[in-house]
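Numbering (full-length UniProt numbering), first residue to last: 1 to 259.
We put the beta carbon where it would ideally sit given N, CA and C, even for glycine.
The structure under discussion appears below in the form of structure tokens.
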């Protein structure tokens with residue numbers, strides 16, 4: 001789809017063409033912040049270019065997480081990187097983190113595009129769960145957030161260790177949203193408890209009496225987003241809902257009946 005972004009690997013450089021929704025000034029602000037996040041985020045190589053009407057950035061190439069070796073997934077390292085990121089006080093102005101807007105876009109597309117009887121029951125469950133979303137936190141609790149964290153946002157940089165990539169959604173927000181997608185997958189039975197615990201250990205939440213109370217709202221939001229995206233994908237392919245999508249829709253059903 002022309003509106004989506006993509007990455008091309010050219011030797012030691014990753015060239016990213018950003019999605020059509022990415023705004024120039026917001027991306028410039030995020031690149032300035034990324035340059036100051038040494039040891040946390042892969043630093044950009046230069047500024048923003050405009051090519052054929054699309055925004056383009058260049059980055060050092062890193063080694064992504066190998067999906068074929070789940071026992072080596074760097075959940076602990078991810079937790080430590082996120083905890084350090086959330087403790088940073090940016091020296092430059094930044095827009096809001098992109099997580100809530102991503103959820104809103106997914107729900108909006110679900111309402112508009114997935115019609116008809118085939119997926120109707122699943123769509124109703126997702127929309128009911130969306131109505132059960134948690135309230136936004138007080139502004140005083142906002143922190144610097146990645147905005148779209150999952151394991152695909154980590155690369156191993158030669159001689160430097162694991163680093164975060166993709167700053168399209170970097171900004172001020174509720175830090176628990178960076179834990180929200182793994183939390184949603186854990187609640188749906190898609191992330192093993194041992195991996196969830198490694199993430200909590202790395203982040204520093206393992207000793208908290210009730211860590212789920214911290215992430216519940218974000219987990220609900222990402223459950224809705226994940227289920228909505230799975231339904232959009234199935235609808236676009238005229239196919240049955242994939243197994244992970246079924247699990248997320250089932251989670252939405254449980255959220256929908258919460259008091």
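Residue 224 vs residue 103 beta-carbon contact at 9 Å: yes
N-terminal and C-terminal residue of the alpha helix (DSSP H) that residue 234 is part of: 211-237
CA-to-CA distance, residue 111 to residue 123, given in whole angstroms: 8 Å
Continuous beta strand (DSSP E) stretch holding residue 14: start and end: 13-17
C-beta contact flag for residue 230 and residue 241 at 9 Å: yes
Option nearest residue 44 by Cα separation, candidates 31, 161, 246, 101: 31
Residue 59, enclosing beta strand (DSSP E) - first and last residue: 54-60
Member of 97, 219, 80 whose CA lies at the smallest distance from the CA of residue 252: 219
Within 9 Å, strictly: CB atoms of residue 87 and residue 170: no
DSSP-derived helix/strand/coil call for residue 198: helix
Proximity winner among 117, 249, 176, relative to residue 216 (alpha-carbon distances): 176
Under 9 Å between C-beta atoms of residue 182 and residue 146: no
Three-way DSSP call (helix, strand, coil) for residue 161 in this model: strand
Same chain only: Cβ atoms within 7 Å of residue 5, ignoring 5 sequence neighbours per side: 16, 17, 18, 19
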